[in-house]
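Notes follow the structure.
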Amino acid sequence: MKKIICLLVPLILLCSCGKKSEVKPILTGISFEAEIVYYNENYSCQCDISGEGVLTAKITEPEILKDFTLRVSKDTITADYLGITYTPTENNMPFSGVVDSFYKAIGECVERELTATFSNNQYTVKGDKESLGYTLYLSPTGLPQKLLLPDERFSVNFYNVTIEKGK
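Each number in the numbering used here corresponds to the 1-based position in the sequence shown with 147 added.
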């Protein structure tokens, strides 16, 4: 009987040590495809977030906006389309509002070094009301899967998320 108990105790300890209760979000140095729903509009983008935290989003759909590219950093938003580059002084471009909100939510996770917690079979990071009140869902490895705002004005689904080489 003692032998069985001696074998079970290490097994129980090993099993309980393998379960993660939190994960660190990986949100810089990544590239991904994004499906964005902004109110009733749908957009597909090819995106990356550099190691320095610069978000680049190149629209692939709808066709009329194909190749429209936004670069968002802490200080600036730059738009490129059909060879024309525009840097607004204020956030006054229709699509930049959603990309800017997306960037702010991701930026907060990076700046505050937030840790995701495990609940309801997924990892989540929740922002407070001052920070858009977003919910970010993560894979078990910490890569983003979905970003939601509470008023449902937009959601972002992440696909084919990869960590850039050398990051």
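Even glycine gets a Cβ: it sits at the ideal position worked out from N, Cα and C.
Whole-angstrom distance between residue j and residue i, CA atom to CA atom
i    : j    : result
N304 : D227 : 23 Å
G198 : T175 : 5 Å
T316 : V308 : A question about residue 316 goes unanswered here, because the residues of the chain that appear run from 148 up to 314.
A204 : T264 : 28 Å
L158 : S266 : Any reading at L158 needs caution, since the residue's pLDDT is 37, under 50, leaving its predicted position unreliable; the model's value is listed next. Cα-Cα distance, rounded: 24 Å.
L225 : R218 : Looking at the sequence provided, one finds Thr at residue 225 rather than Leu. The alpha-carbon atoms of T225 and R218 are separated by roughly 5 Å.
F249 : E255 : 10 Å
P235 : K213 : 20 Å
K251 : I196 : 12 Å
E258 : L229 : 33 Å
Nearest candidate by alpha-carbon position, reference residue i, set the options
i    : options          : result
I211 : L296, E188, R300 : E188
D222 : K205, G200, K312 : G200
S301 : K171, S220, A181 : What sits at residue 301 in the sequence shown is Phe, not Ser. The candidate whose alpha carbon is nearest that of F301 is A181.
Y233 : P172, T207, F215 : F215
Distance CB(residue i)-CB(residue j) smaller than 8 Å
i    : j    : result
I253 : L296 : no
V170 : P287 : yes
S178 : C194 : yes
L294 : Y281 : yes
G289 : P172 : yes
I206 : Y185 : no
Cβ of residue i within 8 Å of any chain B Cβ
i    : result
P209 : Annotation note: the requested chain B is absent from the structure, which comprises a single protein chain.
Can you check the segment 286-312 for any beta strand (DSSP E) of at least 3 residues that lies completely inside it and give the ranges in chain order? Within the segment 286-312, the complete beta strand (DSSP E) segments of 3 residues or longer fall at 291-295, 301-310, listed in chain order.
Run through the segment 178-217 for me and flag every whole alpha helix (DSSP H) of 4 or more residues, listed as ranges in chain order. none
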